[in-house]
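Heads up, the sequence shown is in my numbering, so the first residue is 37 and it goes up one at a time.
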Amino acid sequence: MTATALRAAVDDGNAFTSARDRPAWLGLVPRQHTTGGKPKLLGISKRGNAYLRGLLIHGARSAGLTVQVRDGTGRWLLGLLARAHYNVVVIALAAKLARIA
37 MTATALRAAV DDGNAFTSAR DRPAWLGLVP RQHTTGGKPK LLGISKRGNA
87 YLRGLLIHGA RSAGLTVQVR DGTGRWLLGL LARAHYNVVV IALAAKLARI
137 A
């Protein structure tokens, strides 16, 4: 479902100039507030396609439960789970899945 919804929402992936642009378009990256050269990262922006963002978050939540240490993504995810809250890790994994897609 996620792949077909992503394909329908984004016809051509060449519209995004960098890898961070697609998760930003979906609202999966933190808002930034910068004063005096010190960036402060706030919550996720929740802009963009709410249906597609929800599909990616649910997919990341289910994929996070079955993580294995065999590959680099699994090691990254387990290291992030040791440092951050579970919901923050789910959003980070959803953003990574949007970049991969």
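Note that beta-carbon positions come from the ideal geometry of N, C-alpha and C, so glycine has one too. The structure displayed is predicted, hence computed values, not measured ones.
(request) Flag this pair as yes or no: are the beta carbons of residue 128 and residue 62 separated by less than 8 angstroms? (result) Residue numbering aside, residue 128 sits at position 92 when the sequence shown is read from its first letter. Residue numbering aside, residue 62 sits at position 26 when the sequence shown is read from its first letter. Residue 62 sits away from residue 128, with the two beta carbons spaced by 8 angstroms or more.
(request) For the alpha helix (DSSP H) containing residue 88, list its first residue and its last residue. (result) If you number the sequence shown from 1, residue 88 lands on position 52. 86-100 is the span of the alpha helix (DSSP H), which, as asked, contains residue 88.
(message) On the DSSP bridge list, what partners appear for residue 76?
(response) The residue you call residue 76 lines up with position 40 of the sequence shown. Answer is 69.
(request) Indicate whether the contact test is met: 3 or more Cβ pairs, each with one atom in the stretch 51-69 and one in the stretch 97-114, closer than 8 angstroms. (result) Contact check between the stretch 51-69 and the stretch 97-114: fewer than three CB pairs, one atom from each, fall below 8 angstroms, which does not count as touching.
(message) Quick check on residue 114: does DSSP put it in helix, strand or coil?
(response) Translated into the one-based positions of the sequence shown, residue 114 becomes position 78. For residue 114, the secondary structure class from DSSP, reduced to helix, strand or coil, is helix.
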